[in-house]
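**Q**
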Amino acid sequence: NRAYNFCAGPAALPEPVLMRASEEMMDWQGSGCSVMEMSHRSTEIVAMTEAAEASLRRLMAIPDDYAVIFQQGGASQQFAAVPLNLAHSDDVVAYLNTGQWSKKAIAEAQRFTNVEVVGSSQASNFTEVPKAEEWSLPANTRYLHYCPNETIGGVRFNYIPEAAVPVVADMSSMILSEPIDVPRFGVIYAGAQKNIGPAGLAVIIVKKSLLGSARSDCPAMLDWQKAADNGSMYNTPPTFGIYLAGLVFEWIEAQGGLDAMAVVNRRKAAMLYDLIDTNDFYANPVEVESRSLMNVPFTLADSSLDKAFLADAEAARLLNLKGHRSVGGMRASIYNAVDESAVATLAEFMTDFAKRNG
Ligand code: PLP
């Protein structure tokens, strides 16, 4: 009775992962307890956390001079953790503004330090990203922050910004969807609830040389150094989230890793964009080279049909296609766990709906 779930987050998780978790729910690995009921200091849970980290390191080829941290609070908490760990109140930090999530990160950083928005696609209503030659960094910037994939606008960077300072990336909605050249980043962070696992968990991958300079007023819970020094167990970590993330990492490895994910993800996105571009009934405003591979927003030529579209989709068990309230229209989020057959089913539905209503 599983539906096709195109939610932007919390999003669909791989079915084999959910099945395994449900099989193990009452008795995790012969412990006689659920994984949620065990001490985070137990040998088993420490080993489980280390295994999840090792799997992520293999998947993303994370070098040894990077720490991997599991923290609670989701990606939004990292909007504050980034400036608190990397900048002091009289420093300058640089941000690229490509949509709603960039804006939130900027607003949070402004509470703690001086933000310069060095590039923005606001003028185009975030239907593109600033080109590399269109922006530059001011002197004495501590870091450059950007969002490689804007979940709401469906806009992605097709390049990694070059900077002489650490590049910090909010990869919440594209992590693990394709190979990532980790050494080009100072910090990568992501909320879990799209390609990693349950909401509330954040994964931070940080170059170790950037640890240890948090501001003195940085809360202990946000201090990456403290988290890294304590194996992500400064306090009681979200053990169930880490367990599930570990299962997802294992599943991705079994699929052939990030190269394999990228091939399938490109095919999935192409299926929808091809349909949207060749059918007058649908439109996507994002410039072609900046289109997201994970979040495909689209509008209907006649927006008075939006309600009918969503109702018919729901009847066909195609769920959560309503666009974000700030942009309207529709959005299909097609993360790793949304397989090709789900996307093909959506494409068929869209073609049929256009025929019936065009
Ligand atoms: N950044 C991006 C790109 C997102 O898509 C989201 C959530 O959808 C967030 C940050 C916020 O994540 P969280 O709700 O875990 O704080």
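Going by full-length UniProt numbering, the sequence shown opens with residue 2, and the numbers climb by one from there.
By construction, the Cβ of each residue, glycine as well, lies at the ideal position given by its N, Cα and C atoms.
Mind checking who K105 pairs with in its DSSP beta bridge?
**A** Your numbering for residue 105 matches position 104 in the sequence shown. Beta-bridge pairing links K105 to no other residue.
**Q** Can you give me the start and stop residues for the beta strand (DSSP E) that Q72 sits inside?
**A** Stepping through the sequence shown from its first residue, residue 72 is reached at position 71. Where Q72 is concerned, the enclosing beta strand (DSSP E) stretches over Y67 to Q73.
**Q** Which one of A106, Y96 and D28 has the shortest CA to CA distance from V119?
**A** Locating residue 119 in the sequence shown gives position 118, where the first residue counts as 1. Of the candidates A106, Y96 and D28, the one whose C-alpha sits nearest the C-alpha of V119 is Y96.
**Q** Taking 6 Å as the cut-off, is the beta-carbon of D260 closer than that to any non-hydrogen atom of ligand 1?
**A** Here residue 260 refers to the residue found at position 259 when the sequence shown is read from its first residue. No, the beta carbon of D260 sits no closer than 6 Å to any heavy atom of ligand 1.
**Q** Cα-Cα, which of T237, N159, A333 and D340 is closest to N296?
**A** Position 295 of the sequence shown, counted from the first residue, corresponds to residue 296. Nearest C-alpha to N296: A333.
**Q** Tell me, to the nearest whole angstrom, how far the beta carbon of F7 is from that of V339; I am working on the premise that it is less than 8 Å.
**A** For the purposes of this step, residue 7 is taken as the residue at position 6 of the sequence shown. For the purposes of this step, residue 339 is taken as the residue at position 338 of the sequence shown. Correct: roughly 7 Å between the Cβ atoms.
**Q** Could you work out which residue in S327, R143, V207 and N337 is closest to Q79 when comparing CA atoms only?
**A** As a working mapping, residue 79 is identified with position 78 in the sequence shown. The option with the nearest alpha carbon to Q79 is V207.
**Q** Tell me, to the nearest whole angstrom, how far the beta carbon of N337 is from that of N196; I am working on the premise that it is less than 8 Å.
**A** Here residue 337 corresponds to residue number 336 of the sequence shown, with the count starting at 1. Here residue 196 corresponds to residue number 195 of the sequence shown, with the count starting at 1. Between N337 and N196 a beta carbon distance of about 5 Å is seen, short of the 8 Å cut, so the two are scored as contacting.
**Q** Do A215 and N86 have their beta-carbon atoms positioned less than 7 Å apart in this structure?
**A** The sequence position of residue 86 within the sequence shown is 85, counting from 1. The sequence position of residue 215 within the sequence shown is 214, counting from 1. For N86 and A215, yes; Cβs fall inside 7 Å.
**Q** Quick one, which of A76, Q101 and A4 has its alpha-carbon nearest H325's?
**A** To locate residue 325, count along the sequence shown from 1; it is residue 324. Considering only alpha carbons, the answer is Q101.
**Q** Using only the alpha-carbon positions, how far apart do D230 and V69 sit?
**A** Position 229 of the sequence shown, counting from 1, holds the residue named residue 230. Position 68 of the sequence shown, counting from 1, holds the residue named residue 69. Approximately 11 Å, taken between the alpha carbons.
**Q** Is the beta carbon of I153 less than 7 Å from the beta carbon of M172?
**A** Locating residue 153 in the sequence shown gives position 152, counting from the first residue. Locating residue 172 in the sequence shown gives position 171, counting from the first residue. Cβ atoms of I153 and M172: not closer than 7 Å.
**Q** List, from N- to C-terminal side, the beta strand (DSSP E) runs of 3 residues or more that fit wholly inside the segment 315 to 345.
**A** 331 to 334
**Q** Should C148 be listed as close to ligand 1, given that the test is whether its C-beta is under 6 Å from any heavy atom?
**A** Locating residue 148 in the sequence shown gives position 147, where the first residue counts as 1. Because some heavy atom of ligand 1 lies under 6 Å away, the Cβ of C148 counts as near it: yes.
**Q** Closer than 5 Å between the C-beta and any heavy atom of ligand 1: which residues qualify, listed along the chain?
**A** G10, G75, A76, S77, W102, T152, D171, S173, S174 and G192
**Q** Am I right that Y235 and A228 are in contact with their C-beta atoms under 8 Å? What's the rounded C-beta distance?
**A** Here the question's residue 235 lines up with position 234 in the sequence shown. Here the question's residue 228 lines up with position 227 in the sequence shown. Y235 to A228, Cβ: 6 Å. Contact.
**Q** Let me know the secondary structure DSSP gives G258 once reduced to three states.
**A** The sequence position of residue 258 within the sequence shown is 257, counting from 1. Helix.
**Q** For F299, which residues does DSSP report across the bridge?
**A** Your numbering for residue 299 matches position 298 in the sequence shown. For F299, which the question treats as bridged, DSSP gives the partners M331.
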